[in-house]
Structures are given as C-alpha cells and as structure tokens.
Amino acid sequence: MSQWLTLSRAAHLLGVSRVALQKHIREGELRSFDGMVAADDLQRTWPELDLEASGSFEKTRAIREDAFAKRLRERFLPSQEALAQRLFAQGQELAELQRTLTRYHALFEALEARLAAAPAPAAGELLRLLDEGLAKALAAPAPGHDVAALDAMLRVMSAHITVRPSGHEFFVEGSQTLLKAALSAGLTPNYGCGNGVCGLCKARVVAGEVRAVAPSDYCFSEAERAQNHVLMCVCTALSSDLVLEVLEAGAPEDIPEQRVVAKVRSVDVLNDEVLRLHLQTPRSNRLRFLAGQRVTLGVGADLAGGSDLHAEYPVASCPCDDRNLIFHLGLADRRAASADFRQCVVDGRIKAGDDVSVWGPWGSFVLEKNSVRPVVFIAIDEGFAPVNSLIEHAIAVDAAESITLYWASSQPGGQYLPNQCRAWHEALDEFSYVPLTVAELPAVLAANSALPASDVYLAGAAEQVEPLATALLAAGVPPRQLHVEAF
Ligand code: FES
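Residue numbering for the sequence shown follows my numbering, starting at 733 and increasing by one per position.
See below:
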C-alpha cells in the first residue's frame, strides 16, 4: 500500500512547483485523492528518486547528509528542542508501527501452524502460497519507500503549517519565525511591528506546538491564553505539523494606511536612465503592503530645497522582505513630482543615511486572489518595478500555471535588470521572458492567442499603457482579467 503525501509536501520534497505536480495529475501520471498524491507515483515520475540502482541506503544517506550540511551552512537547522520533539514524535509513530507488525507476525505464525496441521492437499497449497507471498513482499521494497524515507527526513528538518480558514500552507525552516516563513511563502497575515509589541500578528494554535524565539512585550488576556493565542512574529514551530488560525488580508482595503520613516541604504545606477533607491525601515516599524502596490515618498525642505517634496512610486521589492524597500527611479516617469524627486537623488541631495518618509500603501495592482490561470506580465520601461514585485510574489505563492513576462523598452536594450529576468527564465520551467521594444510590443501581443484565457498585468507610463489596454480588451481579454498600473 502506498503512502500518500499532500501536494505541497510532495512539491517541497521534490523541489518542484505545485503547478508542475498538478500538470502530471491532469496528464494521468500521478494519482490524486483529496489533495494527496501517492509516493510510489512520485518515485515513478521522478526516476532520479529510484535509488535502487546505486544502492538505496547510500543514496538516501547522501541526500540526507547533503541537505543537513546545506542547512548547517545556511544556519537553517531547527533548534535542538524542535529536533528532539520531532524525533520523539517519529519515534512514537515507529513504535506504534512495530507493535502493529508484531501483532501481524503473531497472527501469521498462528495461521501457518493451523495450516501445517490441516489435511493436505488444499492446506498445503495455501501454506505454499502464503510463504511465497511473504518472501516476495519482504524481498522487494514497498513502492515509493524512498520518497517516504525522504519525507520522514523532511518532517524533522522543516515544519509544515496549515492555515485556517484559508487552507494555505507553508513550511518553516530552521528557527524562522512563523511570520517570516508565512511572508516568504507569499501569504498576507495580519501584522504590525514585527517585534512582539503590537499584538497584531496574533494567531491561534489549533494543533501542534510552538516556541518563542524572541522576547515579547505584548500581554495576552486570560481568554487569549486559554484559546492558545501566540504571536507569529516571535514564535517558531516545534512540532513538524502545525495548524494555525490566522487573519489574512484578502484585498488591498484590508491593509491599513501606515507612515514610516525609513533610511536610505544605497543608491545604484542601473543604466543611463534608471536609479535603484534602497530604503530600510526600522526593525520595529515595518511597512506592510501587497506586492504591486505604491507608496508616497517624502523628504523635507532641507533635502528637497525650497519646500517639502512628495512623489508616488511602486515598490519594486517583495513584501516578504518588508524592511528593505526598493524603488526604480527612471526618466520614463515624467510626472513632475517624480522628476523632482529623482533629480534630488541624482544631485546627491538625497543620499545614503538620509531619512525618507514613506506613506501607504496605495493601489489595487495586486495578484488576482485564488486564480490559477496563466499569468502574463507586460512591463513598459520602469513599469517593470511593480511587475518585479508581483513576479516575486507569484513565484512564492506558486499558483499560476505559467508566467510570461514581456518587458518592452523605449530604447533597444533598455531592460535594466536583464540578468534577473534571464535567471527566472532559466530556473523556472513555466517562466518565459521576452525582452522587446515598445514598437514591437503590439504585434507580439496580437500574435499571442492565449491572452484571453490569462490574467494580464500591464504597467508603464500612461500614454503607452492606455492604448495598449484598449487593444487588449478589443482582442478579447475580459476586463476583470486585465489589471493596469499607469503612471
Ligand atoms: S507584529 Fe507586532 S507583535 Fe507581532
């Protein structure tokens, strides 16, 4: 009998996306039952996990040691307490299995003795069949047993978290906090300070155990304590399986407006036209936002010269790293405030170490929730900034069947982060990157007959984006599947 694994655990174990597994299920290569897949099907579909040829034990051990060493190098090992707890749980499962086996063994021996004493020839034939069947079962490893062995290892090294009521799942590596792991997996839990003070990241532990890895000043009420409430920003998982009840943002309006003073970490030149501005928020006052949203950046008259200066920009970085906010300041953005803000940076009036106020987040250019349609991103010049944030988020949530990125530049070769896009293209099976010029874009899009069945995200300067949006609607992209961010 095969072992069954959840889709997300199988994807985590094999290092493939859930979308890739779903494709194999659709093609009939993997059996699926109630969101689970069979370990023996996984082993057949991914033959590199067929460890018999080179010696199962050695190869399993090599994989285990490699994973262990990698985690050690990356300081991603769970704490001793978590390791002990998870090994103890596995020991209990093993002991229960051994008890069951012992009972089966006793039953088998009793049956064998009765058959040996029964009159031949029918009893003799049954006895022979029983012995042969047992010898065969013991000679061959159970189907999918290597996958099961790796899964057992994974249960010790990483904790699997199921979120209620959304059903989202994520993994906690090492002693990561629950909040950090959830954000890295693209989830949008409620939180504020990230520091154990505000209490906004409260979650209820429905099953499993957690442990605090950082101090906290927040005081739970008696009722909260009785209901097993914990702070996600200071706790990690002790058990290998944890069920949490978590408040998640479902839409931009669920995220409150915030005001944060961040410091300029660096300014980099990406090409002749585009600068990268890196801001860092204080540890205890981070910015909560959804991928693809904008914020307002502000500096006082002392830096801007004359009067206060405010300009709106999309955040180019991922919400999973909420302390480090990246912005792309380019010439294609011709709004007066943006041009003035960029000039302050070019002139060195806004430089590393300076304070910049950040308000927001704004806008609804965010990923369609729960959609499994293919995703097409169309970025024009610095329209790549919000698209970059969305792509990182889409990769983290691993929900889209495929991702295509068209990055059109006004000048040939104007894509200012080409290596990053090529790296996505090479690393991800279902990711396509098409760099092109703005002049080439309409014809290339007209040739893509899959657009009406996709979620399309279009970002760039208003004068280029608006006619393109009209053309996409005329080409059959349903309005609810077309998301536009124009500046
Ligand atoms: S985010 Fe404020 S206590 Fe966790």
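Ideal placement from N, C-alpha and C gives every residue a C-beta, glycine not left out.
Is there at least one non-hydrogen atom of the ligand FES closer than 8 Å to the beta-carbon of Cys1076?
-> Locating residue 1076 in the sequence shown gives position 344, where the first residue counts as 1. Between the ligand FES and Cys1076, a heavy atom-to-CB distance of less than 8 Å is absent.
For Ile795, three-class secondary structure by DSSP | Translated into positions along the sequence shown, residue 795 becomes position 63. Note that Ile795 scores a pLDDT of 45, beneath 50, so its modelled location is shaky and nothing firm can be said.
Ala785 classed as buried or exposed, judged by whether at least 16 other C-beta atoms fall within 10 angstroms = Along the sequence shown, read from residue 1 onward, the residue named residue 785 stands at position 53. Low confidence applies to Ala785: its pLDDT is 42, below 50, so where it sits in the model is not reliable enough to give any reading.
Coil, strand or helix - Ile757 by DSSP = Counted from its first residue, the sequence shown places residue 757 at position 25. Annotated three-state conformation of Ile757 is helix, per DSSP.
Count the other CB atoms, across all protein chains shown, that sit within 10 Å of the CB of Leu839; report buried if there are 16 or more and exposed otherwise.
-> Within the sequence shown, residue 839 is the residue found at index 107, counting from 1. Exposed, by the Cβ-count rule.
Does the ligand FES have even one heavy atom less than 8 Å from the beta-carbon of Val966?
-> Position 234 of the sequence shown, counted from the first residue, corresponds to residue 966. Yes, the beta carbon of Val966 sits closer than 8 Å to at least one heavy atom of the ligand FES.
Between Asp1113, Ala1175, Leu745, which lies nearest to Gly1192 when the distance is taken from Cα to Cα?
-> Residue numbering aside, residue 1192 sits at position 460 when the sequence shown is read from its first letter. With respect to the C-alpha of Gly1192, the residue from Asp1113, Ala1175, Leu745 having the closest C-alpha is Asp1113.
Separation of Arg818 from Ser1121, as counted between CA atoms = Counted from its first residue, the sequence shown places residue 1121 at position 389. Counted from its first residue, the sequence shown places residue 818 at position 86. Rounded to whole angstroms, Ser1121 to Arg818 spans 35 Å at the Cα level.
Selected residue, minimal CA-CA separation from Ala1132, among Gln754, Ala742, Gln959, Cys925 | Walking along the sequence shown from the start, residue 1132 turns up at place 400. Of Gln754, Ala742, Gln959, Cys925, the residue nearest in Cα terms is Gln754.
Where does His744 sit, in a helix, a strand or coil, going by DSSP?
-> Here the question's residue 744 lines up with position 12 in the sequence shown. If DSSP states are grouped into helix, strand and coil, His744 belongs with the helices.
Three or more C-beta pairs below 8 Å linking the segment 938–958 and the segment 1013–1025 | Contact between the segment 938–958 and the segment 1013–1025 is absent, because fewer than three Cβ pairs lie under 8 Å.
Where does the unbroken alpha helix (DSSP H) through Lys868 begin, and where does it stop?
-> One-based indexing of the sequence shown puts residue 868 at position 136. Taken as a continuous stretch (DSSP letters only), the alpha helix (DSSP H) holding Lys868 covers 854–871.
Check whether the Cβ atoms of Leu675 and Leu866 lie closer than 9 Å to each other.
-> The chain is shown from 733 up to 1219; residue 675 falls before or after that span and cannot be answered.
Tell me, please, which residues DSSP counts as bridged to Asp1087.
-> Sequence index remark: in the sequence shown, residue 1087 carries index 355 (1-based). Looking at the DSSP assignment, Asp1087 forms a beta bridge with Lys995.
Does any heavy atom of the ligand FES sit closer than 8 Å to the C-beta of Cys951?
-> One-based indexing of the sequence shown puts residue 951 at position 219. Checking every heavy atom of the ligand FES against the Cβ of Cys951, none is found closer than 8 Å.
Runs of beta strand (DSSP E) lying entirely within the segment 1039–1096, each at least 3 residues, in chain order = 1041–1046, 1056–1061, 1087–1094
Selected residue, minimal CA-CA separation from Arg957, among Lys934, Ile1127, Glu1044 | What you label residue 957 is simply residue 225 of the sequence shown in a count that begins at 1. Minimum Cα distance to Arg957 is reached at Lys934.
Start and end residues, alpha helix (DSSP H) containing Val1129 = By one-based count along the sequence shown, residue 1129 stands at place 397. Run containing Val1129: 1116–1129, per the alpha helix (DSSP H) assignment.
Have a look at Gly1095, Cys1052, His1042 and flag the residue whose alpha-carbon is nearest the alpha-carbon of Ser1070.
-> Along the sequence shown, one-based indexing puts residue 1070 at 338. Answer by Cα proximity: His1042.
Alpha carbon to alpha carbon, what distance is there between Leu974 and Arg896?
-> Within the sequence shown, residue 896 is the residue found at index 164, counting from 1. Within the sequence shown, residue 974 is the residue found at index 242, counting from 1. One alpha carbon belongs to Arg896, the other to Leu974, and they sit about 11 Å apart.
Since Trp736 is in the beta strand (DSSP E), which residue starts that stretch and which ends it?
-> Counting from one through the sequence shown, the residue named residue 736 turns up at place 4. That run of the beta strand (DSSP E) goes 736–738.
Selected residue, minimal CA-CA separation from Ala743, among His892, Ile1082, Gly1062 | Walking along the sequence shown from the start, residue 743 turns up at place 11. That would be His892, whose Cα lies nearest to the Cα of Ala743.
When you compare only the Cα positions, how much space is there between Gln1025 and Ala816?
-> Numbered from 1 along the sequence shown, position 293 holds the residue referred to as residue 1025. Numbered from 1 along the sequence shown, position 84 holds the residue referred to as residue 816. Between Gln1025 and Ala816, the C-alpha separation is close to 42 Å.
Option in Glu761, Pro1199, Tyr1189 with minimal Cα separation from Gln1213 | Position 481 of the sequence shown, counted from the start, is the residue given in the question as residue 1213. The shortest Cα separation from Gln1213 among Glu761, Pro1199, Tyr1189 belongs to Tyr1189.
To the nearest angstrom, how far is it from the Cα of Leu861 to the Cα of His837?
-> Position 129 of the sequence shown, counting from 1, holds the residue named residue 861. Position 105 of the sequence shown, counting from 1, holds the residue named residue 837. Using only the alpha carbons, I get a separation of about 16 Å.
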